[in-house]
Amino acid sequence: MKHQADPGRGQPRPFQVARWGKFWSLEPLFVDERSFLAAKGGLPPQAGDIVLAVPAQGDRRRIVEILGPGDQLAPVLKALLYAQGVRQGFSDEVVAAARAAAERGDRSDQRRHDLRELPTFTIDPDTARDFDDAISVQREGDGYHAWVHIADVSAYVPAGGPVDLEARQRTASVYLPLWA
0 MKHQADPGRG QPRPFQVARW GKFWSLEPLF VDERSFLAAK GGLPPQAGDI
50 VLAVPAQGDR RRIVEILGPG DQLAPVLKAL LYAQGVRQGF SDEVVAAARA
100 AAERGDRSDQ RRHDLRELPT FTIDPDTARD FDDAISVQRE GDGYHAWVHI
150 ADVSAYVPAG GPVDLEARQR TASVYLPLWA
């Protein structure tokens with residue numbers, strides 16, 4: 000999900016929409032603050048929607064994105080991410096660099112062994128987006144050989160490149176019920 004704030008207007012903030020007579024009232028989420036009226040010219044909401052809005056004329060707020068119904072988990076979690084300043088989505092430059100790194104890889108280090116033919120398993124759930132470690136076990140004679148597979152991101156992502164710089168800005172993984 001990408002969103003650009005109006006220059007000079009501030010970052011979008013999450014609100015829940017309520018009907019107040021013939022007006023739309025925007026109730027701030029996750030902060031103890033007064034309500035605002037929706038400005039004309041924004042996106043058309045429904046009562047109960049979770050939205051992102053920016054300051055507009057006077058004391059009003061202009062709806063710039065509708066995240067979804069307030070009775071569904073995904074829009075509420077997206078609003079929480081915005082409220083906490085967690086960046087979402089990636090620039091085209093970062094996406095292109097990540098794709099190029101995945102295709103290229105680092106095959107120059109002779110100490111590395113391609114073990115993709117081994118059956119592996121991980122404790123990550125099916126919905127995980129970052130399978131960065133796994134284990135394999137094979138019977139060898141009267142014993143077993145166990146491997147611990149750990150992703151070596153530095154072999155694929157050049158220091159100082161777009162992916163590395165973006166990762167430094169984010170510095171942490173955020174795990175929520177629907178996504179990481």
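Position 129 of the sequence shown, counting from 1, maps to 128 under numbering that gives the first Met the number 0, and the rest follow consecutively.
Beta carbons are placed, not taken as given, at the ideal position from N, Cα and C, and that holds for glycine.
The model shown is predicted, which means the values in this text are computed figures rather than measured ones.
Per DSSP, the bridge partner or partners of residue i
i: residue 30; result: For residue 30, which the question treats as bridged, DSSP gives no partner whatsoever.
i: residue 20; result: Looking at the DSSP assignment, residue 20 forms no beta bridge with any residue, so it has no partner.
i: residue 50; result: 14, 65
Alpha carbon of residue i to alpha carbon of residue j, nearest angstrom
i: residue 25; j: residue 132; result: 44 Å
i: residue 101; j: residue 156; result: 9 Å
i: residue 42; j: residue 64; result: 7 Å
i: residue 58; j: residue 34; result: 10 Å
i: residue 28; j: residue 134; result: 42 Å
i: residue 169; j: residue 97; result: 15 Å
i: residue 163; j: residue 149; result: 18 Å
i: residue 137; j: residue 147; result: 12 Å
C-beta neighbour in chain D for residue i, strict 8 Å
i: residue 162; result: Chain labels in this structure do not include chain D; a single protein chain is all it has.
Anticipated Cβ contact below 8 Å, residue i with residue j, distance rounded
i: residue 76; j: residue 175; result: 5 Å
Under 8 Å between C-beta atoms of residue i and residue j
i: residue 74; j: residue 62; result: no
i: residue 23; j: residue 16; result: yes
i: residue 18; j: residue 81; result: no
i: residue 10; j: residue 38; result: no
Exercise for review: Jot down the residue ranges of each uninterrupted alpha helix (DSSP H) in the segment 86–124, minimum 4 residues, whole runs only, in chain order.
Suggested key: Scanning the segment 86–124 from its first residue to its last, the whole alpha helix (DSSP H) runs of 4-plus residues come out as 91–103.
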